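Notes for the one structure printed next.
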Amino acid sequence: MIETTIIEKRDVGKLKNPVMVTGLPGIGLVGQVVAKYMIKKLNGKKVADLYSPHFPHQVLMTKKGGMRMLKNKFYLIRLKGRDLILVVGDVQAITGQGQYEVAGKILDYVEKHKIKMLITLGGYSSGKMSGPKKVFAASNNEKTKNKYKDMFVFGEAKGSIVGVAGLLPALAHVRGLDAMCVMGETHGSYVDPSAATAVIDKLSKLFGFKIDLAQLEAEAKEREKVIKKIESEIERQATGEKKDITYIR
Numbered sequence: 003m004i005e006t007t008i009i010e011k012r013d014v015g016k017l018k019n020p021v022m023v024t025g026l027p028g029i030g031l032v033g034q035v036v037a038k039y040m041i042k043k044l045n046g047k048k049v050a051d052l053y054s055p056h057f058p059h060q061v062l063m064t065k066k067g068g069m070r071m072l073k074n075k076f077y078l079i080r081l082k083g084r085d086l087i088l089v090v091g092d093v094q095a096i097t098g099q100g101q102y103e104v105a106g107k108i109l110d111y112v113e114k115h116k117i118k119m120l121i122t123l124g125g126y127s128s129g130k131m132s133g134p135k136k137v138f139a140a141s142n143n144e145k146t147k148n149k150y151k152d153m154f155v156f157g158e159a160k161g162s163i164v165g166v167a168g169l170l171p172a173l174a175h176v177r178g179l180d181a182m183c184v185m186g187e188t189h190g191s192y193v194d195p196s197a198a199t200a201v202i203d204k205l206s207k208l209f210g211f212k213i214d215l216a217q218l219e220a221e222a223k224e225r226e227k228v229i230k231k232i233e234s235e236i237e238r239q240a241t242g243e244k245k246d247i248t249y250i251r
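Below, the structure written as structure tokens:
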């Protein structure tokens with residue numbers, strides 16, 4: 003049987019003060035949007051692919067008429083004084099066993115390249131549709147929480163963290179690695195560029211990089227307009243207000 007495998011595409015060499023950031027599909031696709039945007043705007047270079055039999059049994063058709071397998075991709079972003087390894091992907095494993103296996107392989111890569119800090123990205127569904135978005139966090143040890151408590155909101159988010167976003171930090175603790183999950187507040191029922199913008203803003207301050215957020219902010223504004231129309235319609239229906247009926251003859 004095929005096992006979960008990471009195929010390294012290029013030698014990353016000795017990394018500088020490296021941190022891994024993962025953004026796989028999840029609530030509001032917040033983590034995925036953040037990671038893809040950072041890779042695009044900060045010129046990320048692909049360094050590895052991860053394949054797993056625990057991914058859905060399908061392939062993706064390409065624009066050129068070909069096909070490719072589902073995978074997670076690792077990108078290297080070189081910042082001043084620090085290197086980031088960003089992990090993005092088409093999907094997550096669809097079984098509990100698969101989640102553990104994929105997380106274990108990612109942590110093997112982390113240890114191989116002497117990465118000491120791991121941040122997973124996700125969305126936290128609060129049901130909030132519009133307005134400023136908080137950025138929550140949960141850490142795998144007190145030291146990490148105390149270090150970043152002035153930047154993220156710890157202790158306010160409740161419930162469980164499903165998938166790699168929660169499993170990676172928990173398993174990282176077993177291996178003696180510092181890790182936390184950073185979550186953008188989102189409604190949870192749609193792709194949320196506003197939550198993604200809030201998360202990137204925090205990460206840019208954390209790692210000291212500049213990034214052009216204009217494209218993401220424009221998408222967030224368009225989404226906000228749609229949401230306000232929806233909220234207005236919901237309120238109108240709740241109050242029993244009727245629209246004028248017009249006829250075309």
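All the letters of the sequence shown, read from the start, carry residue numbers 3 to 251 under the working numbering. All C-beta atoms, glycine included, are put in the ideal place defined by N, C-alpha and C. These figures come from a predicted structure and were not determined experimentally.
Asked, Found
"If we ignore side chains and look at the alpha-carbon of each, how far apart do R177 and A222 end up?", "38 Å"
"Verify whether the separation of the beta carbon atoms of G190 and K82 is less than 9 Å.", "no"
"Within the stretch 101–181, note down every full beta strand (DSSP E) run reaching 3 residues or more, in order along the chain.", "119–127 and 137–141"
"Is it true that the CB of L31 sits closer than 9 Å to the CB of G125?", "yes"
"Nearest by alpha-carbon distance to K107: which of A50, K231, D180 and V36 is it?", "A50"
"Once DSSP output is grouped into helix, strand and coil, what is the label at T199?", "helix"
"Does the contact criterion of 3 or more C-beta pairs under 8 Å hold for the stretch 96–111 versus the stretch 5–12?", "yes"
"By the DSSP assignment, the alpha helix (DSSP H) with Y39 in it spans what residues?", "V32 to K43"
"With DSSP collapsed to three states, give me the class of A50.", "strand"
"Measuring alpha carbon to alpha carbon, tell me which residue in I121, K75 and R70 is nearest Q94.", "K75"
"Suppose you measure from the CA of M22 to the CA of Q239; what does that come to, to the nearest Å?", "47 Å"
"So what's V61 in DSSP terms, helix, strand or just coil?", "strand"
"Classify I117 as buried or exposed, calling it buried when 16 or more other Cβ atoms lie within 10 Å of its own Cβ.", "buried"
"Taking only the alpha-carbon atoms, compute the straight-line gap between M119 and L179 and give it to the nearest angstrom.", "6 Å"
"Output needed for V36: all residues of its chain with C-beta closer than 6 Å, excluding positions within five of it in sequence on either side, in chain order.", "G25, L123, A198, V201 and I202"
"With a Cβ-Cβ cutoff of 9 Å, do F156 and K147 count as a contact?", "yes"
"Here's a check: name, in chain order, each residue in its chain whose Cβ is nearer than 6 Å to the Cβ of E10, leaving out the five neighbours to either side.", "A50"
"Name the two residues that bound the continuous beta strand (DSSP E) containing R84.", "R84 to G91"
"Determine the burial state of A167: buried for a count of at least 16 other Cβ atoms within 10 Å of its Cβ, exposed for fewer.", "buried"
"Pick from A159, P27 and M40: whose alpha carbon is nearest that of I213?", "M40"
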